[in-house]
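A.B. asks: Here this note's numbering is used: the first residue of the sequence shown is 174, the next is one more, and so on.
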Amino acid sequence: MANKNYSDKELRQRAETKLGKLIHSGKELSLEEAKKIMHELEVHQIELELQNQELRDTQFRLEEIRDQYTDLFDFAPIGYLLLDKKAVITNINLTACDLFGLDRAVLKGKHLSAFMSSAQSTILVLQLNEAFENGHLPPFELKIRRWNQGTFTALIQGSITTSSDNENPICRVTLQDITEQNEAEKLLQQHEALQKEKEKIQRYLDLAPVVFLLIDAEHMVQMINQKGCKLLGLPRLDILGKNWFENFINTPEKQSKSTNNQHFQNNMLLLKPYFESEVKCKDGETRLMGWTNIALLENNGNQIGTLTSGEDITERKKTEANQERYTEVLKGMVEERTQELMDALVSEKHINEMKSSFVSIASHELRTPITIVLSSIILIEKYGAAGDFEKQQKHIERIKSSLTQFTAILDDFLSLDKLERGVIRVKKDNFDLPNMISKTIGELEGILKEDQKISHIHVGPNEFSQDEKLFRNILINLLSNAIKYSEKDIEVTSSIDKKTMSLEVKDYGIGIPEDDREFLFKRFFRAKNVEDYPGTGLGLSIVERYLDLLEGSIEFISQENSGSTFKVKLH
Ligand code: ADP
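#1: Rank 603, 542, 556 by C-alpha distance to the C-alpha of residue 576 and give the top, closest one.
#2: Spatial neighbours of residue 343 within its chain, please: CB distance less than 6 Å, with the 5 preceding and 5 following residues excluded, ordered by chain position.
#3: Mind listing, in chain order, the continuous beta strand (DSSP E) runs of no fewer than 3 residues lying wholly within the stretch 560-618?
#4: How would you write the range of the alpha helix (DSSP H) that residue 401 sits in, first residue to last?
#5: Using a Cβ-based criterion (distance less than 7 Å to any ligand heavy atom), does residue 575 qualify as near the ligand ADP?
#6: For the candidate residues 236, 696, 188, 266, whose alpha-carbon lies nearest to that of residue 528?
#7: For residue 519, name the three-state secondary structure that DSSP assigns.
#8: Just to confirm before moving on: does the CB-CB distance between residue 316 and residue 290 stay below 8 Å?
#9: Between the alpha carbons of residue 709 and residue 655, how many angstroms are there, rounded?
#10: Excluding five sequence neighbours on each side, which residues of the same chain lie with their C-beta closer than 6 Å to the C-beta of residue 427?
#11: Please tell me whether, using a cut-off of 7 Å, the distance from the CB of residue 703 to the nearest non-hydrogen atom of the ligand ADP is below it.
#12: Taking only runs that begin and end inside the stretch 294-350, name each unbroken beta strand (DSSP E) of 3 or more residues, in chain order.
#13: I want to check one thing, is the minimum distance from the CB of residue 680 to the heavy atoms of the ligand COA below 7 Å?
#14: By how many angstroms is the C-alpha of residue 567 removed from the C-alpha of residue 712?
#15: Report the residue from 640, 645, 729 whose alpha carbon sits nearest the alpha carbon of residue 691.
#16: Do residue 663 and residue 733 have their C-beta atoms closer together than 8 Å?
#17: Out of curiosity, what's the CA-to-CA distance linking residue 359 and residue 352?
#18: Unbroken beta strand (DSSP E) runs of length 3 or more, entirely within the stretch 228-267: which are they?
#19: I'd like the list of long-range same chain contacts for residue 251, defined as Cβ closer than 7 Å, with 5 residues on each side in sequence excluded.
#20: Since residue 469 sits in a beta bridge, which residues does DSSP pair it with?
#21: Just to confirm my understanding: we take residue 718, look at its own chain, exclude 5 residues before and 5 after, and list those with CB closer than 6 Å. What are they?
#22: Which of the three DSSP states is assigned to residue 657 in this structure?
#23: Cβ of residue 699 versus every heavy atom of the ligand ADP: is any distance shorter than 7 Å?
#24: Can you tell me whether residue 383 is helix, strand or coil according to DSSP?
#25: Start and end of the alpha helix (DSSP H) containing residue 279?
#26: Mark residue 293 as exposed unless 16 or more other C-beta atoms lie within 10 angstroms of its C-beta, in which case mark it buried.
#27: Once DSSP output is grouped into helix, strand and coil, what is the label at residue 744?
#28: So does residue 711 have its beta carbon nearer than 7 Å to some heavy atom of the ligand ADP?
#29: For residue 461, which three-state DSSP category applies?
#30: Does any heavy atom of the ligand ADP sit closer than 7 Å to the C-beta of residue 657?
#31: Residue 667 and residue 659: beta carbons closer than 8 Å?
#32: Pairing CB atoms from the stretch 632-645 with CB atoms from the stretch 607-618, are three or more of them under 8 Å?
#33: Output needed for residue 557: all residues of its chain with C-beta closer than 8 Å, excluding positions within five of it in sequence on either side, in chain order.
#34: Looking only at C-alpha atoms, which of 636, 328, 392, 409 sits nearest to residue 478?
#35: Note down, in chain order, each residue of its chain lying with its Cβ closer than 7 Å to the Cβ of residue 124, except the 5 sequence neighbours on either side.
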């Protein structure tokens, strides 16, 4: 077909001119010739119509094909663009437009370099220059800026097309967004690296002599070393992915006392740097393990898992328990021995105290009667020379009384010494109780104060079986205190009821201050209101010791400045 395009009107004119020339060539046409020409013309016309129809069909098909190619071009799954030598976009498909985020009309005529950094643009220019020289654009990556936001990584490759006149060569470029692909590749690489790292760690951990395991936030086992598998008696695959606490750790009720049950809360356990628990092993055996935990945290601080190492402490705990028991035994022995030593020390201290008390009492209490005796002897001599026998007699009485006091003190020391040495033996015999009490009262008349009397009432049978000598000592002690600490009369009451003997010694004297009452039977103890009265503080402690020997008891009631009553019971 001719290149030139003619309108229908022009075509008609040209045809008529041609036909005119043919008809008016100067020759007369015969009818036959005219008919023949007419026929030819009609055939030509039909031929032309057929040709026209064919042409229209061809044009329609071409348009269809063009549309298909436009579709293919525009909606291809990868970007496609044409660049001239200066990297100006001369054409671009819709997929590429989408990647740039701009319309084709805007993109056409723009420099591709406008959509990237200067560094990237340099790469593009270099690559294009080389491509236009070699006719081939090998694949390379470019970071392209989107119109609306962000960048994408494009894989660029293409070829150079030269027109028949060899002018205006064009670079056909395919452009593919490989951002996600790159990231996926990166992730894959990281995953592979991690996998390798994990395998490496697993190999190291397998060599470790302790159990190592990795538990995720849901307590599922993610990793366990060889030692751990051996402990549980299971292949690794039977352990991985299982809940650690539910499957392999004994519940608190089943745990032996050696583990610390109060710590047993799974969530809590994994936060603890250390805990102990029993592990279920093959054949129902359990082992006690000490777990050291390291929390694996996310950037936000959430715990995503725990790396824990476990040491089998079963034997160690047993040894420790044995050691503890042994230590307890040793401790007991040491305590016993210490107590013995302390007792010895106390008794040593006690003896020393006794000695010093004895020395102070001996120097004080014994000196008083001796001084009185001495001064009385001097006065007796003096009154003897003057012939004053009455006064002489008075001093003789004083000497007697002082010597009685002296003897009483010595008796106390002697009794105490005997009691301490345990040489006093109880000798029970029947005796007449009221008779014995009256005799003793009579013996003490010499130390009674002026106008002081002792009355005695007895109730019940007379005969009583006891150690008479020891009972007499008890009575003397109580009576001499009553005489010493009161000015008024003293009342003695005795009774025998069945096999029990009761004795009461009641005075109306100075009484005993409340604070001192609890210490009254302690050796050498003297109440604070008796400073002006002679005494050793030994009498009542001796009475108590005698009553211990006789299996009797003593108690008292007292009121300061009103008097005291001492009550003795014997069987
Ligand atoms: P002492 O030689 O001092 O009398 P005792 O052991 O006989 O020693 O008595 C201990 C203390 O008990 C006395 O020092 C005194 O304080 C108190 N005491 C004992 N009997 C009486 C009593 N009848 N009245 C008041 N106080 C008494």
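Glycine included, C-beta positions come from ideal geometry on N, C-alpha and C.
C.D. replies: Working from what's here:
#1: In the sequence shown, residue 576 corresponds to position 403, counting from 1. Checking every option, the nearest Cα to that of residue 576 belongs to 542.
#2: The residue labelled residue 343 in the question sits at position 170 within the sequence shown. Excluding positions up to five away in sequence, the list reads 255, 334.
#3: 602-605
#4: The residue labelled residue 401 in the question sits at position 228 within the sequence shown. DSSP places residue 401 in the uninterrupted alpha helix (DSSP H) bounded by 399-405.
#5: Walking along the sequence shown from the start, residue 575 turns up at place 402. No, the Cβ of residue 575 stays beyond 7 Å of every heavy atom of the ligand ADP.
#6: Position 355 of the sequence shown, counted from the first residue, corresponds to residue 528. Closest in alpha carbon position to residue 528, among 236, 696, 188, 266, is 696.
#7: Counting from one through the sequence shown, the residue named residue 519 turns up at place 346. Residue 519: helix per DSSP, three-state reduction.
#8: In the sequence shown, counting from the first residue as 1, residue 316 sits at position 143. In the sequence shown, counting from the first residue as 1, residue 290 sits at position 117. Taking 8 Å as the Cβ cut-off, residue 316 and residue 290 qualify as a contacting pair.
#9: Looking up residue 709 in the sequence shown gives position 536. Looking up residue 655 in the sequence shown gives position 482. Going from the Cα of residue 709 to the Cα of residue 655 covers about 15 Å.
#10: In the sequence shown, counting from the first residue as 1, residue 427 sits at position 254. Its pLDDT being 46, under 50, residue 427 is placed unreliably by the model, and the measurement read from it follows with that caveat. Contacts found: none.
#11: Translated into the one-based positions of the sequence shown, residue 703 becomes position 530. Shortest gap from the CB of residue 703 to any heavy atom of the ligand ADP: under 7 Å.
#12: 309-318, 324-334, 343-350
#13: This structure does not include the ligand COA; its bound ligands are the ligand ADP.
#14: Counting from 1 along the sequence shown, the entry for residue 712 is found at position 539. Counting from 1 along the sequence shown, the entry for residue 567 is found at position 394. Cα to Cα, residue 712 sits roughly 29 Å from residue 567.
#15: Your numbering for residue 691 matches position 518 in the sequence shown. Taking the Cα of residue 691 as reference, the smallest distance to any Cα among 640, 645, 729 is reached at 729.
#16: Residue numbering aside, residue 663 sits at position 490 when the sequence shown is read from its first letter. Residue numbering aside, residue 733 sits at position 560 when the sequence shown is read from its first letter. Taking 8 Å as the Cβ cut-off, residue 663 and residue 733 do not qualify as a contacting pair.
#17: In the sequence shown, counting from the first residue as 1, residue 359 sits at position 186. In the sequence shown, counting from the first residue as 1, residue 352 sits at position 179. If I take the Cα positions, the gap works out to 10 Å.
#18: 252-256, 262-265
#19: By 1-based counting over the sequence shown, the position of residue 251 is 78. Only 268, 347, 348, 349 meet the Cβ criterion.
#20: Looking up residue 469 in the sequence shown gives position 296. Bridge partners of residue 469: 478.
#21: On the sequence shown, position 545 is the one that residue 718 refers to. Cβ within range, chain order: 592.
#22: To locate residue 657, count along the sequence shown from 1; it is residue 484. Note: residue 657 maps to helix in three-state DSSP.
#23: The residue labelled residue 699 in the question sits at position 526 within the sequence shown. At least one heavy atom of the ligand ADP is nearer than 7 Å to the Cβ of residue 699, so yes.
#24: Within the sequence shown, residue 383 is the residue found at index 210, counting from 1. Residue 383 falls in the coil class under three-state DSSP.
#25: Looking up residue 279 in the sequence shown gives position 106. Per DSSP, the unbroken alpha helix (DSSP H) holding residue 279 starts and ends at 277-280.
#26: In the sequence shown, residue 293 corresponds to position 120, counting from 1. Classification for residue 293: buried.
#27: Residue numbering aside, residue 744 sits at position 571 when the sequence shown is read from its first letter. Here DSSP, grouped into helix, strand and coil, assigns residue 744 to coil.
#28: Translated into the one-based positions of the sequence shown, residue 711 becomes position 538. Yes; taking the cut-off as 7 Å, the Cβ of residue 711 has a heavy atom of the ligand ADP nearer than that.
#29: The residue you call residue 461 lines up with position 288 of the sequence shown. Strand at residue 461.
#30: Taking the first residue of the sequence shown as 1, we reach residue 657 at position 484. Yes - the ligand ADP has a heavy atom lying nearer than 7 Å to the Cβ of residue 657.
#31: The residue labelled residue 667 in the question sits at position 494 within the sequence shown. The residue labelled residue 659 in the question sits at position 486 within the sequence shown. Cβ distance not < 8 Å, so residue 667 and residue 659 don't count as in contact.
#32: Put simply, the stretch 632-645 touches the stretch 607-618. At least three CB pairs are less than 8 Å apart.
#33: Taking the first residue of the sequence shown as 1, we reach residue 557 at position 384. Here the set comprises 565.
#34: If you number the sequence shown from 1, residue 478 lands on position 305. The residue with the shortest Cα to Cα distance from residue 478 is 392.
#35: Here the chain has residues from 174 to 744 only, and residue 124 is not among them.
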